[in-house]
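K.L.:
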Amino acid sequence: MSALIYPNTNLAATEQLLIDRGAGVYVYDKQGKQYLEGMAGLWCTGLGYGNKELIDTITEQLSRLSYTHMFGGKTHQPGIDLSDKLAAMVPVENARVFFGNSGSDANDTHIKLLRYYFNAIGHPEKRKIITRERAYHGVTVAAGAMTSLPANLAHFDPPFAALGILRTDHPHYYRGAQTAETEAEFVIRICANLEALIEREGPDTIAAFIAEPITGASGVIVPPAGYYEHVQAILEKNDILFWADEVITGFGRTGKLFGCETMNIQQPAQMTFAKQLSSAYYPISASVIRGDLYEVMVAPSAEVGIFGHGYTYSGHPVGCAAALKTLEIYERDHIYAHAAEMGTYMQSRLAALQQHERVGEVRGAGLIAAVELVDDKMTKIPAVELAKRATQICQDNGLLVRNVAGCALAVCPPLIISRTQVDELVDKLTLSINQAAA
Ligand SMILES: Cc1ncc(COP(=O)(O)O)c(C=O)c1O
Numbered sequence: 116m117s118a119l120i121y122p123n124t125n126l127a128a129t130e131q132l133l134i135d136r137g138a139g140v141y142v143y144d145k146q147g148k149q150y151l152e153g154m155a156g157l158w159c160t161g162l163g164y165g166n167k168e169l170i171d172t173i174t175e176q177l178s179r180l181s182y183t184h185m186f187g188g189k190t191h192q193p194g195i196d197l198s199d200k201l202a203a204m205v206p207v208e209n210a211r212v213f214f215g216n217s218g219s220d221a222n223d224t225h226i227k228l229l230r231y232y233f234n235a236i237g238h239p240e241k242r243k244i245i246t247r248e249r250a251y252h253g254v255t256v257a258a259g260a261m262t263s264l265p266a267n268l269a270h271f272d273p274p275f276a277a278l279g280i281l282r283t284d285h286p287h288y289y290r291g292a293q294t295a296e297t298e299a300e301f302v303i304r305i306c307a308n309l310e311a312l313i314e315r316e317g318p319d320t321i322a323a324f325i326a327e328p329i330t331g332a333s334g335v336i337v338p339p340a341g342y343y344e345h346v347q348a349i350l351e352k353n354d355i356l357f358w359a360d361e362v363i364t365g366f367g368r369t370g371k372l373f374g375c376e377t378m379n380i381q382q383p384a385q386m387t388f389a390k391q392l393s394s395a396y397y398p399i400s401a402s403v404i405r406g407d408l409y410e411v412m413v414a415p416s417a418e419v420g421i422f423g424h425g426y427t428y429s430g431h432p433v434g435c436a437a438a439l440k441t442l443e444i445y446e447r448d449h450i451y452a453h454a455a456e457m458g459t460y461m462q463s464r465l466a467a468l469q470q471h472e473r474v475g476e477v478r479g480a481g482l483i484a485a486v487e488l489v490d491d492k493m494t495k496i497p498a499v500e501l502a503k504r505a506t507q508i509c510q511d512n513g514l515l516v517r518n519v520a521g522c523a524l525a526v527c528p529p530l531i532i533s534r535t536q537v538d539e540l541v542d543k544l545t546l547s548i549n550q551a552a553a
């Protein structure tokens with residue numbers, strides 16, 4: 116056993132699979148066995164493995180300038196170009212961009228930006244953040260407190276009160292609806308709960324509402340029609356900012372450029388990006404905020420002498436170069452359109468699994484989906500052991516998927532996946548569920 120402390124792993128059962136190399140949508144273990152990477156790693160390798168152009172770009176940037184920082188206004192061209200490129204893409208008004216290294220630290224940055232902003236406009240009391248049950252926003256101390264998955268909270272004692280973290284309902288109709296409640300009634304009820312929470316806490320104490328447009332780690336929850344329209348109206352009425360965590364849903368994953376577009380979220384004040392921003396060829400994240408929020412931070416920073424937040428690797432030149440090239444390839448090679456087409460095909464093929472006696476729900480959008488397994492369709496009792504077994508059998512059959520939300524299997528393949536490879540994914544998934552259920 117090595118000295119490694121494994122992330123998000125049962126520490127009593129480490130070292131399960133040693134991945135050695137990757138090519139296209141496939142990875143290979145030490146023995147040379149091929150696996151279709153049905154999860155794009157951790158929802159991140161949009162362009163798959165071994166992309167020569169990206170490797171060359173990274174290598175060239177390493178040779179030219181392996182590192183320079185961005186403190187004190189030092190800068191470099193890939194950083195400037197990437198921020199301008201992103202600002203032009205996002206549905207955020209006059210967007211400003213702060214770079215980090217991970218989705219978690221980008222969410223932490225947002226929390227600090229919110230405090231800075233509300234202090235600057237003389238409302239230091241407006242700092243609570245509404246997150247949702249079953250949310251996943253990372254694992255740093257602050258972002259981790261906005262995450263709601265039990266396994267990420269247990270034994271860590273996150274500082275919820277200090278950070279002013281409030282929780283409202285998750286928008287998963289299949290699991291959250293009351294008996295005989297329609298989708299529309301479910302939306303009205305959970306939105307009424309949100310309004311009641313805001314009323315109880317006082318809108319003047321709440322800065323923002325954070326949401327993954329479509330969730331990932333909590334089981335790929337696609338909220339019912341009308342949900343985000345209701346939520347946005349409530350937030351607007353109460354002067355609370357909408358913060359879209361697009362760490363998974365950004366850059367073509369849900370069939371549109373951003374999850375906000377897929378889910379009809381209009382002009383969020385803040386957005387978080389990581390993962391597919393660089394197709395995971397180099398760690399980089401971005402915290403994007405509305406221009407007017409940024410403008411009022413200028414004076415207080417001048418008063419202090421600096422805006423005292425930033426990481427050694429904020430705007431790492433290699434990460435910026437990798438992200439710029441990734442975005443260029445996405446556009447040039449029509450990857451968004453390809454992902455949308457493959458996504459429609461994957462969803463249509465997965466939908467057939469809905470007939471399976473052990474499948475409770477198939478859900479998703481674009482190239483992200485989950486198949487939720489149950490003991491019985493009527494009682495909806497989660498088939499946790501079956502899901503574990505099916506995940507392992509998928510792996511044995513040469514397909515990597517992820518067991519999420521206890522009883523669901525998530526798939527989220529690289530955006531470059533072909534139709535034949537979608538068939539391989541769905542066929543192996545179906546076979547594995549059948550074998551596990553047998
Ligand atoms: C929606 C969302 N936000 C934030 C994060 C955290 O990103 P990272 O693991 O890069 O810190 C994740 C990671 O999966 C995520 O899915």
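Note that our numbering has the sequence shown beginning at 116, numbered continuously upward.
All residues carry an ideal CB built from backbone N, CA and C; glycine is no exception.
1. Within 10 angstroms of its Cβ, does D407 collect 16 or more other Cβ (buried), or is it exposed?
2. According to DSSP, is P239 part of a helix, a strand, or is it coil?
3. Which residues in the same chain have their Cβ closer than 7 Å to the Cβ of A498, if we skip the five residues on either side of it in sequence?
4. Out of G153, Q510 and L392, which has the shortest C-alpha to C-alpha gap to V537?
5. Going by DSSP, what residue range makes up the beta strand (DSSP E) through D199?
6. Does the beta-carbon of I404 have 16 or more other beta-carbons within 10 angstroms, so that it is buried, or is it exposed?
7. Would the beta-carbon of V403 be found less than 6 Å away from any heavy atom of ligand 1?
8. Just checking D223 against ligand 1 - is the residue's beta carbon closer than 6 Å to any of the ligand's heavy atoms?
9. Quick one: does the C-beta of S263 sit closer than 6 Å to a heavy atom of ligand 1?
10. Measure the C-alpha to C-alpha separation of D196 and N518 and round it to an integer number of angstroms.
11. Looking at chain B, is there any beta carbon in it that lies within less than 7 Å of the beta carbon of P383?
12. Any chance you could list the beta strand (DSSP E) runs of at least 3 consecutive residues sitting entirely within the region 139 to 190, in chain order?
13. Distance, Cα to Cα, T387 vs D360?
14. Touching or not, the region 328 to 346 and the region 286 to 302, by the rule of three or more beta carbon pairs under 8 Å?
15. Rounded to whole angstroms, what is the Cα-Cα separation between N512 and S547?
16. Can you find the residues in the same chain that come closer than 6 Å, C-beta to C-beta, to W358, ignoring five residues on each side of it along the sequence?
17. Does the distance from the C-beta atom of A395 to that of T160 stay below 7 Å?
18. Where do the N-terminal and C-terminal ends of the beta strand (DSSP E) with V254 fall, by residue?
19. With a threshold of 6 Å, establish whether the CB of V256 neighbours any heavy atom of ligand 1.
20. Along the chain, where does the beta strand (DSSP E) containing I483 start, and where does it finish?
21. Among residues of its own chain, excluding the 5 on either side of L132, which ones have a beta-carbon nearer than 8 Å to its beta-carbon?
22. Verify the contact flag: I363, CB atom, against every heavy atom of ligand 1, threshold strictly below 6 Å.
23. If you compare alpha carbons, which of A437, A520 and S463 is closest to N166?
24. Quick one: what's got a C-beta closer than 8 Å to Y289's C-beta in the same chain, skipping five residues either side?
25. Locate the beta strand (DSSP E) running through E248, then write down its first and last residues.
26. Strictly by DSSP, which residues pair up with N222?
27. Can you tell me the Cα-Cα spacing of E91 and V411, whole angstroms?
28. To the nearest angstrom, report how far apart A258 and D220 are at their CA atoms.
29. Report, in whole angstroms, the separation of the C-beta atoms of M71 and A484, which I expect to be a contact under 8 Å.
30. What residue range does the alpha helix (DSSP H) around R464 cover?
31. Using CA atoms only, rank isn't needed, just tell me which of A138, A118 and R136 is closest to E130.
32. Mind pulling the beta strand (DSSP E) runs of 3 or more residues that sit fully within the region 351 to 412?
33. Going by alpha carbons, who is nearest to K503 out of I531, Q469 and L544?
34. Terminal residues of the continuous beta strand (DSSP E) containing F213?
35. With H, G and I counted as helix, E and B as strand and the rest as coil, what does DSSP make of T297?
36. For T320, collect the residues of the same chain with a Cβ closer than 8 Å to its Cβ; drop the 5 residues on either side in sequence, then sort them by chain order.
P.N.:
Once the coordinates are examined:
1. exposed
2. coil
3. R473, L488, V489, D490 and C522
4. G153
5. Note, D199: premise wrong, no beta strand (DSSP E); alpha helix (DSSP H) at Q192 to M204.
6. buried
7. The answer is no for V403.
8. No - ligand 1 has no heavy atom lying nearer than 6 Å to the Cβ of D223.
9. Every heavy atom of ligand 1 is 6 Å or more from the Cβ of S263, so no.
10. 38 Å
11. Looking for chain B here will not work: only one protein chain is present.
12. Secondary structure within the region 139 to 190: the beta strand (DSSP E) runs of 3 or more consecutive residues, fully enclosed, are 141 to 144 and 149 to 152 (chain order).
13. 5 Å
14. Under the Cβ criterion (8 Å, minimum of three pairs), the region 328 to 346 counts as touching the region 286 to 302.
15. The C-alpha of S547 is placed about 7 Å away from the C-alpha of N512.
16. A323, I325 and Q385
17. yes
18. No beta strand (DSSP E) contains V254, which DSSP labels as neither H nor E.
19. no
20. I483 to L488
21. D144 and Q510
22. Because some heavy atom of ligand 1 lies under 6 Å away, the Cβ of I363 counts as near it: yes.
23. A437
24. G475, E476, R478, E487 and K495
25. No beta strand (DSSP E) contains E248, which DSSP labels as neither H nor E.
26. DSSP output for N222 lists no bridge partner at all.
27. No answer is possible for residue 91: the residues shown for the chain start at 116 and end at 553.
28. Cα atoms of A258 and D220: separation of roughly 7 Å, rounded to the nearest angstrom.
29. A question about residue 71 goes unanswered here, because the residues of the chain that appear run from 116 up to 553.
30. I450 to A466
31. A118
32. Counting only runs of 3 or more, we get 356 to 360, 385 to 388 and 400 to 404.
33. L544
34. R211 to G215
35. coil
36. Here T320 has E240, K241, R242, K243 and G279 as same chain residues with Cβ atoms under 8 Å from its own Cβ, once five neighbours each way along the sequence are excluded.
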